[in-house]
Amino acid sequence: MTPAIDIAKKHKIDFKVHEYQHDASSESYGLEAAQKLALPVEQVFKTLVVSLDNQKLAVAVVPVSSMLSMKLMAKAAGAKKAHMAEAIAVERSSGYVLGGVSPLGQKRRLATVIDASALQFEHIYVSAGKRGLDISLKPDDLQRLLNATFADICT
Numbered sequence: 299m300t301p302a303i304d305i306a307k308k309h310k311i312d313f314k315v316h317e318y319q320h321d322a323s324s325e326s327y328g329l330e331a332a333q334k335l336a337l338p339v340e341q342v343f344k345t346l347v348v349s350l351d352n353q354k355l356a357v358a359v360v361p362v363s364s365m366l367s368m369k370l371m372a373k374a375a376g377a378k379k380a381h382m383a384e385a386i387a388v389e390r391s392s393g394y395v396l397g398g399v400s401p402l403g404q405k406r407r408l409a410t411v412i413d414a415s416a417l418q419f420e421h422i423y424v425s426a427g428k429r430g431l432d433i434s435l436k437p438d439d440l441q442r443l444l445n446a447t448f449a450d451i452c453t
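Given below as structure tokens:
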């Protein structure tokens, strides 16, 4: 079990765990998950941690098929600017290794924005907290567990 799965169990939400054999040479963890789980890339979401202009970190949950717009993310997070956080800051803050960062069960709860495209799906897939492990759940459940907001944050 991972902290992400533990949170889902604790709150008794409807979820499923999906495991696949991770290929260490894979260049995109999210695209690898979509391919190995035979899912549309628009339904598999990656967890990105950004640094805002006030030095605070925030989480963006976006489809693996899309690019995060730093301008839209900053606006959604109430900041002027955003940029990708340093890898070491991501791992320290989340407690997860890159490629296995889940929006759920992070060591420090950060402000989170989920791309509004998630609302078109009954279930979305996010990392369950380690490479080769995803969790599917309803977008509204993810939003509620994280006290997140939905916004258009992709280009």
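Numbered as in our numbering, the sequence shown ends at 453 without a single skipped number.
We put the beta carbon where it would ideally sit given N, CA and C, even for glycine.
Contact check for Arg-429 and Gly-393: beta-carbon distance about 14 Å, past the 8 Å limit, so the pair fails to qualify. Pairing Gly-328 with Val-362 gives a Cβ-Cβ distance under 7 Å. Secondary structure at Leu-440: helix, using DSSP grouped into helix, strand and coil. Going by DSSP, Asp-432 is part of the beta strand (DSSP E) stretching over 431 to 435. Counting only runs of 4+ residues, the alpha helix (DSSP H) found wholly inside the stretch 345 to 392 occupies 368 to 374, 385 to 392, in chain order.
When the beta-carbon positions are compared, Ser-349 and Ala-375 stay at least 7 Å from each other. DSSP, read as helix, strand or coil, puts Gly-427 in strand. With three or more CB-CB distances shorter than 8 Å, the stretch 316 to 332 counts as touching the stretch 430 to 445.
Take Gln-341, set aside five residues on each side of it, and the residues of its chain with a beta-carbon closer than 7 Å to its own are Phe-419, Ile-422, Tyr-423, in chain order.
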